[in-house]
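*Asks:* Quick one: structure below, then a few questions.
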Amino acid sequence: MHAVQMKGIVKRFADLVASDHVDFTLEKGEIHALLGENGAGKTTLMRILYGLYTADEGQILINETPVVIHSPKDAIKNGIGMVTQHFTLVPTLTVAENMVLGETAGITLNLPALEKKVAEASERFGIPVKPQALIKHLSVGERQRVEILKALYHDANVLILDEPTAVLVPQEVDMLFEALTRLQKTGLSVIFISHHLNEVMQICNQVTVLRDGKLAGTVKVADTNLKELANMMVGRENFGVKRQGQREQGKLELKIENICASDKKGLPALKDISLEVHQGEILGLAGVSGNGQTELSAVLCGMHKITSGKITAGDVDLSDADTSCVCKAGVGRIPEDRHANMVGELSVAENLVLDQLQNFVKNGILDYGKIQKNAEELIKAFNIKASAGDRVRTLSGGNMQKVMLARTLSQNPRIVIASQPTRGLDVGATDYVRTVLLEQRDRGAAVLLLSEDLEEIMALSDRIAVIYGGRIMGILPAHEATAEKLGLMMAGSAA
Ligand SMILES: Nc1ncnc2c1ncn2[C@@H]1O[C@H](COP(=O)(O)OP(=O)(O)OP(=O)(O)O)[C@@H](O)[C@H]1O
Ligand SMILES: [Mg+2]
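Numbering-wise (my numbering), the sequence shown opens with residue 931 and increments by one.
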């Protein structure tokens, strides 16, 4: 039985064909992966199914009956739910209130009754949520559970998950997979978007690969392997970038001395942290998310104040600096949030020069010729799938990330603070970004790499520090660091 059939789907955005006669079939009760490079058209195809975009051509059948889907309301009526790449919950409302958002018009809300219903649903589907909690107090993983439960609460038989694991820590990924395999047995069909081929191999039954908006093929997981999938996606099969050889430690460039800072709620988040990063090295900071990395990166980028301690870049004191001082001191920032410091309504070209406009002025006015030329070079160098004039808000998630990286790294900063630089990137782009970080190191930059991906930390770092509960548990040279040792430190035992 086919839960969903999409036939000959075409979607154009001006000259771009984001979906080019795509056929996609979802069987009832299967978990079906949607794979493809950044900008291949995965989100677009799913937005069409969920009624957020209307296809220019093609047909959709649900349970083998043709349907017309013009809005998410239509999709929900047809039993389709979607958890998007960016959450849509209202932070100031509770979990229960968010469940029924948009359907309570005219009815007075009986909150206790609603909370009871939500608690029952939570129990029935095995998705733990606290009905009375305010969304703004929840972690990303908890918010995602609310989104999933919301879809199930509205009787979804088909659940679309757009890169659900990109925001989760490994333990949460396990929980999600457990829930999905359990719900699958009750007849739920799932469309699962991910850039992680190993996740796809682990929980999916079938895989559909998109390439440049076109269908590259659909295969059964049991009949395929990592190499074949990589090949279908990008036309090559070997991935993996690794640091080569030891390097002499260069001059001390970034010095962090005994810094303390609070989190957003005013609780201590960084407790007496000291780190040194030298020219020509990558210092990796490993840790399970939520152990102070976000605050540390914000502090070093001038976006968050320390309560005590000292930060020095070269001979510049950055202890109390704001973002512009930090940039002037030669610190290149790759923030965790790819939307930070990007202006969606401005073009790719404009966003690429936003923090260095002074270099693009001629006779007192902006030199648009130079801005355009700069953009064309970076788009080529970073393989960004967009044109210089495109508004940034129309870019795919991964391409937006590439614009941010290009902007920072093209200025050849002396110090690079990179937070989760490859989150959400496809395998090819991930390799590319890792190569660029190694190039920065090799030309003498001091790189601090904050990543929850242990494999990434181990592949790139010259030395590895581990953060746990806001403290540095220890620092190891790369050749002494094993996954087991680091794992123990990440769980709180000292080196
Ligand atoms: N609203 C829009 N206006 C113009 N172009 C768009 C719009 N939405 C998507 N696109 C373009 O369509 C193409 C496919 O984008 P889509 O978001 O579907 O990619 P994706 O496969 O989900 O990529 P990622 O893995 O990076 O999330 C991209 O080139 C993107 O720039
Ligand atoms: Mg996408």
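Yeah, the Cβ is synthetic: ideal placement off N, Cα and C, and Gly gets one too.
Is the segment 1133-1141 in contact with the segment 955-975, if contact means three or more CB pairs nearer than 8 Å?
*Replies:* Taking 8 Å as the limit for Cβ pairs, the verdict is that the segment 955-975 does touch the segment 1133-1141.
*Asks:* Per DSSP, what kind of secondary structure is M1420 in: helix, strand or coil?
*Replies:* It is helical.
*Asks:* Measuring CA to CA, which of M976, D1372, L1041 is closest to Q1179?
*Replies:* Answer by Cα proximity: D1372.
*Asks:* When the Cα of L979 is compared with those of L965, E967, K1007, which residue comes out closest?
*Replies:* Out of L965, E967, K1007, K1007 has the C-alpha closest to the C-alpha of L979.
*Asks:* Could you spell out the range, first to last residue, of the alpha helix (DSSP H) harbouring P1058?
*Replies:* Taken as a continuous stretch (DSSP letters only), P1058 belongs to no alpha helix (DSSP H), as it is neither H nor E.
*Asks:* When we look at the beta-carbon of E1382 and count the other beta-carbons within 10 Å, is it buried (16 or more) or exposed?
*Replies:* Answer is buried; the Cβ neighbour count reaches 16.
*Asks:* Alpha carbon to alpha carbon, how far is D945 from N1289?
*Replies:* The straight-line gap from Cα to Cα measures roughly 32 Å.
*Asks:* Distance, Cα to Cα, K1185 vs V1207?
*Replies:* Answer to the nearest angstrom: the Cα atoms are 7 Å apart.
*Asks:* Roughly how many whole angstroms lie between the Cα atoms of T1095 and E1211?
*Replies:* Near 30 Å, if we compare the C-alpha coordinates of E1211 and T1095.
*Asks:* Contact between the segment 1055-1074 and the segment 1109-1116 is defined here as three or more beta-carbon pairs at a separation below 8 Å; is this criterion met?
*Replies:* As far as the Cβ criterion goes, the segment 1055-1074 touches the segment 1109-1116, which means the pair count is three or higher.
*Asks:* Is there at least one non-hydrogen atom of ligand 2 closer than 6 Å to the beta-carbon of G1327?
*Replies:* Correct: G1327 has its Cβ closer than 6 Å to ligand 2.
*Asks:* Are the CB atoms of A1359 and N1040 within a distance shorter than 7 Å?
*Replies:* No. Outside cutoff.
*Asks:* Between which two residues does the beta strand (DSSP E) carrying Q989 extend?
*Replies:* That run of the beta strand (DSSP E) goes 987-992.
*Asks:* To which residues of the same chain is E1386 closer than 6 Å at the C-beta, ignoring the five residues directly before and after it?
*Replies:* Around E1386: no qualifying Cβ.
*Asks:* Quick one: what's got a C-beta closer than 8 Å to V1103's C-beta in the same chain, skipping five residues either side?
*Replies:* Around V1103: T1095, E1129.
*Asks:* For E1266 and G1328, what's the separation of their Cα atoms in angstroms?
*Replies:* One C-alpha to the other measures close to 13 Å.
*Asks:* So, at 6 Å on beta carbons, what are the nonlocal neighbours of L1230 in its own chain, with the 5 sequence-adjacent residues on each side left out?
*Replies:* Closer than 6 Å at the Cβ level, and outside the excluded window around L1230, lie I1347.
*Asks:* Can you give me the start and stop residues for the alpha helix (DSSP H) that L1339 sits inside?
*Replies:* First-last of the alpha helix (DSSP H) with L1339: 1327-1339.
*Asks:* Between the Cα of G966 and the Cα atoms of G1117, T1365, V1139, which residue gives the shortest distance?
*Replies:* Taking only the C-alpha atoms, the option nearest G966 is V1139.
*Asks:* Can you list, in chain order, the residues of its chain with a C-beta nearer than 7 Å to that of L1390? Leave out the 5 residues immediately preceding and following it.
*Replies:* Taken in chain order, the residues that qualify are R1173, I1212, G1214, R1364, L1367, L1368, L1379.
*Asks:* For G971, which residues from the same chain have a beta carbon less than 6 Å from its beta carbon, with the 5 sequence-adjacent residues on both sides left out?
*Replies:* Counting only Cβ-Cβ distances below 6 Å, and skipping sequence neighbours, we find A948, S949, L1140, G1143.
*Asks:* Any idea if D1247 is buried or exposed, counting beta-carbon neighbours within 10 angstroms, 16 or more meaning buried?
*Replies:* Exposed: under 16 other Cβ atoms inside 10 Å.
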